[in-house]
Amino acid sequence: MIIWINGAFGAGKTQTAYELHRRLPDSFVYDPENAGYFIRKNVPKRIALGDFQDYPMWRDTNYAMLKHLDSEYDSVVIAPMTLVHPGYFDEIVGRLREDGVPVRHFALCAGKETLLKRLRGRGEGSESWAAAQIDRCVAALSDEKFAYHLDTEGHSVADNAERIAELAGLALQPDERSRMRKAYDRIRTQIRHIRF
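Spelled out as structure tokens, the structure:
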């Protein structure tokens, strides 16, 4: 099974993905962004596109990798990635589903002020690229194509992971970490996913 965790920037995709990963034995977090960074580093600036999702090869690569992981890996694959273009969504998630791959999609939803607050919490201001994408992402993700919509207002990362697991029919291991260890794990996840 593939669990695709979608949402605007600041929705909590990465934190939720790693919370699930910690509590689902043998699960694997697959990061679709890595294909984009590879493309960005290997395309001459003169022909580079502004958003790596606009490259057909980005969509093809992620489809192929997820298809491969589904056929070769016998546990849950978790893919946290903002993907709001309906056609691009069809090229990856829709195509996987057409091939019989069980993809459970969850869009983490929150209001603009909450998303901005979360972005500030990770060091991004209201003028950042991620903040500028909020309105576009929230509007696009409200479409039924991007269901299941999971309201994250007033819910913790652990709450979101537990709700996703329940909706996907997955049993999570009990979370026996101390409060301090949980905070450490979240900070570590945040630091590991800072992009330069």
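Quick note: the sequence shown uses the numbering used here, first residue 38, plus one each step. Backbone N, C-alpha and C define an ideal beta-carbon position, used for all residues, glycine too.
As a quick exercise: from Ala169, Val80, Trp166 and Asp222, pick the residue whose alpha carbon is nearest that of Trp95. The residue labelled residue 95 in the question sits at position 58 within the sequence shown. For the residues Ala169, Val80, Trp166 and Asp222, the minimum Cα distance to Trp95 belongs to Val80.
Determine, using beta-carbon pairs with one atom in the segment 106–124 and one in the segment 54–66, whether at least three such pairs fall under 8 Å. Contact between the segment 106–124 and the segment 54–66 is present: three or more C-beta pairs spanning the two stretches fall below 8 Å.
Measuring only the C-alpha atoms, how far is Lys154 from Ile228? The residue you call residue 154 lines up with position 117 of the sequence shown. The residue you call residue 228 lines up with position 191 of the sequence shown. Answer to the nearest angstrom: the Cα atoms are 18 Å apart.
When the Cα atoms are used, what is the spatial distance from Gly191 to Leu207? Position 154 of the sequence shown, counted from the first residue, corresponds to residue 191. Position 170 of the sequence shown, counted from the first residue, corresponds to residue 207. Distance between the alpha carbons of Gly191 and Leu207 is about 23 Å.
For Lys219 and Asp91, the rounded distance between their alpha carbons: Against the sequence shown, residue 91 aligns to sequence position 54. Against the sequence shown, residue 219 aligns to sequence position 182. Put simply, the backbone Cα of Asp91 is about 36 Å away from that of Lys219.
Using a Cβ-Cβ cut-off of 6 Å (strictly less than) and excluding sequence neighbours within five positions of Ile201, which residues of its own chain qualify? Taking the first residue of the sequence shown as 1, we reach residue 201 at position 164. Correct list, in chain order: Phe143.
Specify the secondary structure class of Ala144 as computed by DSSP and reduced to three states. On the sequence shown, position 107 is the one that residue 144 refers to. Here DSSP, grouped into helix, strand and coil, assigns Ala144 to strand.
Quick one: which unbroken alpha helix (DSSP H) runs of 4-plus residues sit fully inside the segment 107–146? Chain order, please. Runs of the alpha helix (DSSP H) lying entirely within the segment 107–146, each at least 4 residues long, are 123–126 and 132–135 in chain order.
Roughly how many angstroms lie between the CA atoms of Ala168 and Trp41, to the nearest whole one? Stepping through the sequence shown from its first residue, residue 168 is reached at position 131. Stepping through the sequence shown from its first residue, residue 41 is reached at position 4. Approximately 22 Å, taken between the alpha carbons.
Below 6 Å CB to CB, which residues in the same chain sit around Phe126 once its five sequence neighbours on both sides are set aside? What you label residue 126 is simply residue 89 of the sequence shown in a count that begins at 1. Cβ within range, chain order: Leu120.
Reducing DSSP to helix, strand and coil, say where Asn79 ends up. Locating residue 79 in the sequence shown gives position 42, where the first residue counts as 1. Coil.
Quick check on Gly73: does DSSP put it in helix, strand or coil? Working through the sequence shown from its first residue, we reach residue 73 at position 36. The answer is helix: DSSP assigns Gly73 an H, G or I state.
Assuming Val140 and Ile76 are in contact, meaning their beta carbons sit under 8 Å apart, how far apart are those beta carbons, in whole angstroms? Position 103 of the sequence shown holds residue 140. Position 39 of the sequence shown holds residue 76. 23 Å between Cβ atoms; not a contact.
Just how far apart, CA to CA, sit Arg173 and Trp166? For the purposes of this step, residue 173 is taken as residue 136 along the sequence shown, with counting starting at 1. For the purposes of this step, residue 166 is taken as residue 129 along the sequence shown, with counting starting at 1. If you draw a straight line from the Cα of Arg173 to the Cα of Trp166, it comes to about 12 Å.
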